[in-house]
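The listed protein sequences derive, respectively, from chains A and B.
Just so we're aligned, residue 88 is where the first sequence starts under the numbering used here, counting upward by one.
Just so we're aligned, residue 119 is where the second sequence starts under the numbering used here, counting upward by one.
All residues carry an ideal CB built from backbone N, CA and C; glycine is no exception.
Treat the numbers as computed from the prediction; the structure is a model and nothing was measured.
Some notes on the structure that comes next.
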Amino acid sequence: MTQIGEVALWLALLVAGWGAVLGFYGGRRGRGDLVLSAERSMFAVFALLLTTSLAIIAAFLRSEFRYKYVAGYSNRELGLFYKITGLWAGQTGSLVFWALILSFFGSLVVLQNRRKNREFMPYVAATVLSVLAFFMVVVVFASNPFEVMGFVPPDGRGLNPQLQNYWMTIHPPTLYLGFTAFTIPFAFAISALLSGRLDTRWITTTRRWTLVAWFFLTCGIIFGMMWAYVELGWGGYWFWDPVENASLLPWLTGTAFLHSVMIQEKRGMLKLWNVLLVIATFLLSIFATFLTRSGLIESVHSFAENTTIAFIFLGFLSALLLASAGLVWWRRGAFKAESRLESFLSREAAFLVNNIVFISVMFAVLWGTTFPLISEGFFGQKIQVGPPFYDRVNVPLGLILLFLMGVGPVIAWRKATPRNLKRNFAAPLGMAIAVGLGLFVAGVHHPYALLTFALAAFTLTTIVVEFWKGTRARAKIEGEIAPVALLHLFERNRRRYGGYVVHAGFVICFCGFAGKAFNAEKQMALRPGESVTIASPFGHVYELTYQAMSWYPATNMTKLVATVDVKRDGRPAGMLAPEKRAYKQREEVTSEVGIRRAWNEDLYLIMAGVADAERFMSGQDPRPMATFKVLVNPLVPWIWLGGFIMAMGTLVALWPAAEVVRVTARAPARAPSPRPELVGV
Amino acid sequence: MKKQSRFLAAGVLLCGVVGYLMVTGMKDSMTYFLTPNELAQRLMANPSFAEEAGVRVGGRVVPGSVRFDQKTLDLRFTLVDIETGRTTFPVHYQGPLPDTFQEGRDVVVEGRYRHGQSFEATSVLTKCGSRYEAAESDFKSKQS
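Right, dumping it as structure tokens:
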């Protein structure tokens, strides 16, 4: 049964290669029959990869441990859910999964563009199929999920305990959806270069795809942070770890791209820059996939040590880079800007600075992430740079972004007049100063944190004012009541107002990040009955009393659970139950933290250790001493809230407008098609 | 086009500031990856090497060398070079024992070292947990 999957994998490679060649050739020669064949190859590859993926899942469900991949990531006791997600638990499976998603997106694009963008489509299909073919080559030749071991082990090694977590099962697929979706704008950019049609059309066509990619990437990054927060057990959510950084890199260039396309649409500037940004975003997505899955750079969660793959990926990246650079050079005459920058005080300038800042952050993160490789290559000595490096560069740049988020959307195009500036920024500036002074008097003296809150007030005020102005204008003109007017405001200009919502979410996230400046931490060894107190920066005091320890066996692990009573300013405030879990198969121990969430802070409790756990479990010592680490993490809930708002705002921006008429697939073949163009997804 | 060159100058200035931040940030947070052997060689050339820069040393915990005080969370153990099994360093760490810390396990310690004293670790990481990929030998040893 499972052999079908392997056959399908080989066929997918052949069909993808075939389609890629036909697409490029047919597009050049204008041969419609060949192009059609290339487009149909996309559907075939999708069907074949789906078969392969189902076969892998079937092997997991039937516990076929003769397959090295299944034995490495599953065992008999693993739950059904984690067996299904085994498809993306390891390197080879996740590469198949990546390709599956890409072929799905590719098929969608082909379907969408049956009757439009015909001059782009041969190259779009060919580009996507080339990327697919590359992934197939890696899977088939370097990292085959159907590799059979010389013997059948009685049981598998089981899934790494840290991956047995809800967030960890949805985090990788979400990130992959984001990475792969960026292939579509890239494919359109390549087809624009190849066909020489470098006006804004490739951008407007892929606008919604870019937003879809950005949506998934943002969600994926936030899910990853949530996973790190609850599962890694050190009280933080971002470690500047290579793998985390890798997912951030395409996000940074992608975000820069989302902004700079507006300049091209409105003013015909930055044409070359946009092409470069979309190419960079795609290359960084590939880089991120490969960094996560190759273990080239040491990381807390590097997944593998398969360096063959590293070299194949590096080769692919270099080839893509050279090909893209060559194409851009070939078309260098077509990027002439239609207008020029006129003033520092203009929307164009604000967007430009925004882009420079995003790219600077990207370069700093890329530099820091790859520095162990650079230093080893050039000085023969592996040197790592730590979180202080990233904080030092990125915190000031982040503050500039925070400021620009308030300025960019409301400042005038071309050149702002003093009157325009005063009208738009008097209220926000006043608010910023009021919040800054208020917090300073209230005892917030950390300079960066204070600046963050003041700038957040500035930006949020501009957003609120924008909504208020729009609603009032509509209410007046259309005679609607305020809530209806607000709803229609969203409907009429989803992109703009959705964008504002994303900005508001981002500002709230930033406040959450700034909360780190006020973290409180304590570490204590306690006997049952003893307490520890910790003061929150908000002024109240938590008292935690270690009541008792218990233990019980669960499927594939043994749990040690401490019961800890929490009092807030002397009043009972619930209970926390941090755990230690000892897993049978891998002889590994993990900690499950106890978190008490409030709207403004988390009380975060880690059971760091239990003295003589063996004596306790054999009944000799019923009251074991345990070590606890207590943290108060102010404003962390705001990060999740801000992330949620960002996701909602993106959905508003990319939701298809209501008036789009769906065209059925069974339209008469001979009918001429003067019908309105379909928009987006 | 005087104006356009002004814009260019502003852009260059912004990039310069970023560059400055990067360079100074690097100085504060550089950490060298070494084995105990390599660290010993570096110290011979420059005895204060590991006081000036952070080092990250990967080695093995010597069986029988671990002393951990549950009450004060004071951990002391000896780290030995994995390949040669010769060069050793005494390590001191203040904090809870990492989850999978065991005698004979491979660990990475990060911190600073003053000659003649213990290696003062700011973090102790166990290496094994990060290896997600299984080798064929992992199954063979279980069979027997």
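| Query | Result |
| --- | --- |
| Distance, A437(A) Cα to A128(B) Cα | 13 angstroms |
| Boundaries (first-last residue) of the alpha helix (DSSP H) holding M704(A) | A700 to M704 |
| Chain-ordered chain A contacts of T142(B) [CB-CB under 8 angstroms] | R479 |
| Cutoff 6 angstroms; reference S241(B); Cβ partners in own chain excluding five residues on either side | E228 |
| Beta-carbon contacts of A146(A) that lie in its chain and below 7 angstroms, excluding the five residues immediately before and after | T89, Y154 and V157 |
| Where P515(A) falls, given that 16 or more other Cβ within 10 Å makes a residue buried | buried |
| Contact with chain A by V242(B), beta-carbon distance below 8 angstroms | no |
| Beta-carbon proximity check, V226(B) vs R174(B), cutoff 8 angstroms | yes |
| As assigned by DSSP and simplified to three states, the class of H533(A) | coil |
| Within 8 angstroms of chain B by C-beta, residues of the stretch 424-435 of chain A in sequence order | R427, L428, E429 and F431 |
| Ranges of the alpha helix (DSSP H) found wholly within the stretch 620-658 of chain A, counting only runs of at least 4 | none |
| DSSP-derived helix/strand/coil call for V299(A) | helix |
| Neighbour flag for V676(A) against chain B, beta carbons, 8 angstroms | yes |
| Proximal chain A residues relative to R174(B), where beta-carbon distance stays under 8 angstroms | Q471 |
| Euclidean distance between Cα positions of L404(A) and R295(A) | 26 angstroms |
| CB of L215(B) within 8 angstroms of CB of F186(B), strictly | yes |
| Own chain partners of N511(A) with C-beta closer than 6 angstroms, once the 5 adjacent residues on each side are dropped | V497 |
| Those residues which DSSP pairs with R178(B) across a bridge | V198(B) and D224(B) |
| Y560(A), buried or exposed, once every other Cβ within 10 Å from all chains shown has been counted against 16 | Sequence inspection shows Ala at residue 560(A); the Tyr mentioned does not correspond to that position. Exposed: under 16 other Cβ atoms inside 10 Å. |
| Extent of the continuous beta strand (DSSP E) to which K667(A) belongs | E666 to Y670 |
| Chain A contacts made by the stretch 155-184 of chain B, where a contact means CB separation under 7 angstroms | R174 |
| For F233(A), three-class secondary structure by DSSP | coil |
| is_contact[L214(B), chain A] using C-beta, thresh 8 angstroms | Residue identity check: residue 214(B) is Pro in the sequence provided, not Leu. Output row for P214(B): interface = yes. |
| Where G234(B) sits in the DSSP three-state scheme | coil |
| Cβ of M712(A) within 8 angstroms of any chain B Cβ | yes |
| Inter-residue spacing [alpha-carbon to alpha-carbon] between E553(A) and E675(A) | 54 angstroms |
| Residue from L576(A), A274(A), L298(A) and Y210(A) whose Cα sits closest to the Cα of F344(A) | L298(A) |
| Delimiting residues of the beta strand (DSSP E) encompassing Q251(A) | From DSSP, Q251(A) is part of no beta strand (DSSP E); its letter is neither H nor E. |
| Contact set for L98(A): own chain, Cβ-Cβ below 7 angstroms, skip 5 residues either direction | L135 |
| Within-8 angstroms CB hit, S347(A) to chain B | no |
| Within chain B, the residues that Q610(A) reaches when beta carbons sit closer than 8 angstroms | L191, G213 and P214 |
| Within chain B, the residues that I443(A) reaches when beta carbons sit closer than 8 angstroms | G129, L132 and C133 |
| Residues from the stretch 132-155 of chain A in contact with chain B, defined by Cβ distance under 9 angstroms | F152 and K155 |
| Three-state secondary structure (DSSP) of I470(A) | strand |
| For F422(A) and K353(A), the rounded distance between their alpha carbons | 15 angstroms |
| Burial state of I520(A), where buried means 16 or more other Cβ atoms lie within 10 Å | exposed |
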